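*Asks:* Read top to bottom, the protein sequences are chains A and B.
Just so you know, we're using the working numbering here: the first sequence kicks off at 22 and counts up by one.
Just so you know, we're using the working numbering here: the second sequence kicks off at 139 and counts up by one.
The beta carbon of each residue, even a glycine, is placed where N, CA and C say it ideally should be.
This one's a predicted model, so the numbers in the text were calculated from it and none came from an experiment.
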Amino acid sequence: AQKITQTQPGMFVQEKEAVTLDCTYDTSDPSYGLFWYKQPSSGEMIFLIYQGSYDQQNATEGRYSLNFQKARKSANLVISASQLGDSAMYFCAMSDLNSGGYQKVTFGIGTKLQVIP
Amino acid sequence: SQTIHQWPATLVQPVGSPLSLECTVEGTSNPNLYWYRQAAGRGLQLLFYSVGIGQISSEVPQNLSASRPQDRQFILSSKKLLLSDSGFYLCAWRDGGTGIRDEQYFGPGTRLTVT
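#1: Can you list the residues of chain B that residue 71(A) reaches, using a CB-CB cut of under 9 Å?
#2: For residue 227(B), go through chain A and note every residue whose CB falls closer than 8 Å to its CB, in chain order.
#3: With DSSP run on the structure shown, which of helix, strand or coil describes residue 47(A)?
#4: Helix, strand or coil, according to DSSP, for residue 155(B) in the structure here?
#5: Contact between the region 147-154 of chain B and the region 196-211 of chain B is defined here as three or more beta-carbon pairs at a separation below 8 Å; is this criterion met?
#6: Count the other CB atoms within 10 Å of the CB of residue 93(A); is the residue buried (16 or more) or exposed (fewer)?
#7: Please state whether DSSP places residue 54(A) in a helix, a strand or coil.
#8: Taking 8 Å as the threshold, find out whether the region 90-110 of chain A comes into contact with the region 67-74 of chain A through three or more Cβ pairs.
#9: For residue 168(B), does the count of other Cβ atoms within 10 angstroms reach 16, so buried, or fall short, so exposed?
#10: How is residue 106(A) classed by DSSP in three states: helix, strand or coil?
#11: Using beta-carbon positions only, say whether residue 54(A) and residue 238(B) come within less than 8 Å of one another.
#12: If we define contact as Cβ-Cβ less than 8 Å, is residue 182(B) a contact residue for chain A?
#13: With DSSP as the reference, please indicate the residues paired to residue 238(B) in a beta bridge.
#14: Which bits of chain A does residue 244(B) rub up against, with CB to CB less than 7 Å?
#15: Find out if the Cβ-Cβ distance for the pair residue 250(B), residue 224(B) is shorter than 8 Å.
#16: Assuming residue 66(A) is part of the beta strand (DSSP E), what are its boundary residues?
#17: Tell me the DSSP secondary structure of residue 214(B) in three-state form.
#18: Expressed to the nearest angstrom, what Euclidean distance is found between the alpha-carbon atoms of residue 266(B) and residue 31(A)?
#19: State yes or no: is the beta carbon of residue 78(A) nearer than 8 Å to at least one beta carbon in chain B?
#20: Excluding the five sequence neighbours on either side, which residues of its own chain have a C-beta within less than 6 Å of the C-beta of residue 126(A), listed in chain order?
#21: Go through its chain and collect everything with a Cβ distance to residue 105(A)'s Cβ below 7 Å, but skip five positions before and after it.
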């Protein structure tokens, strides 16, 4: 069974600094995908970044990058130049195929990030 | 562009009452649709997913059910709510078909409180 672990319940970062949110995963499938989502206080889940298990390079999307270390089964999210609007819950998630061949996504419990002015 | 709607936004229901939450997607066809529940301070738990009209798969046995009467409509229901059904319910869609890559896009959610 796949599992996602986020060990940081809360993080603080100074505005304009970089921050790393940790995520480790466990799966026996060779093909899987890793996602990060942001959930502001409004509740909506916002897709941030995707990394495939066979991707050779770390994914980047603007100020977001995913530090993918396959051997260590980690997929940490790095946010550069933090902004006040980055304050939110951040969820790591993993997708693989269920027995029916369709995507199944498992989410971690999240990390609450607070950006300090 | 694609949009996803959920209603109602908030709901307070007594134990034992029925439930119907609706989700609709615009701007796409034959999407895969998902219902998730998020308990306070927790991650998302997948409840149901659907790959087509009338095709529903349940991930967790419970007193909830789902239906997909139209291509872009997904309904979550219960005949009798339990206190443990309280939570934040999120509907999501992705492009239809198989594959692990496509990200899911979420609706604004429904906050359900069972009293």
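*Replies:* In short, the structure shows the following:
#1: 239, 240, 241
#2: Correct list: empty, because the minimum Cβ distance to chain A is about 10 Å.
#3: When secondary structure is reduced to three states using DSSP, residue 47(A) falls in the strand class.
#4: coil
#5: no
#6: Around the beta carbon of residue 93(A), a 10 Å sphere encloses fewer than 16 other beta carbons of the protein chains shown; the residue is thus reported as exposed.
#7: In the structure shown, residue 54(A) sits in a strand (DSSP, three-state: E or B).
#8: Contact between the region 90-110 of chain A and the region 67-74 of chain A is present, because at least three Cβ pairs lie under 8 Å.
#9: Residue 168(B) comes out exposed.
#10: helix
#11: yes
#12: yes
#13: According to DSSP, which records beta bridges pairwise, residue 238(B) is partnered with nothing at all.
#14: 65, 66
#15: Their beta carbons are under 8 Å apart, which means residue 250(B) touches residue 224(B) by this criterion.
#16: Neither: residue 66(A) is in no beta strand (DSSP E) and is coded neither H nor E.
#17: Strand at residue 214(B).
#18: Because chain B here runs from 139 to 253, residue 266(B) falls outside it and cannot be looked at.
#19: no
#20: 114, 116
#21: 36, 136, 138
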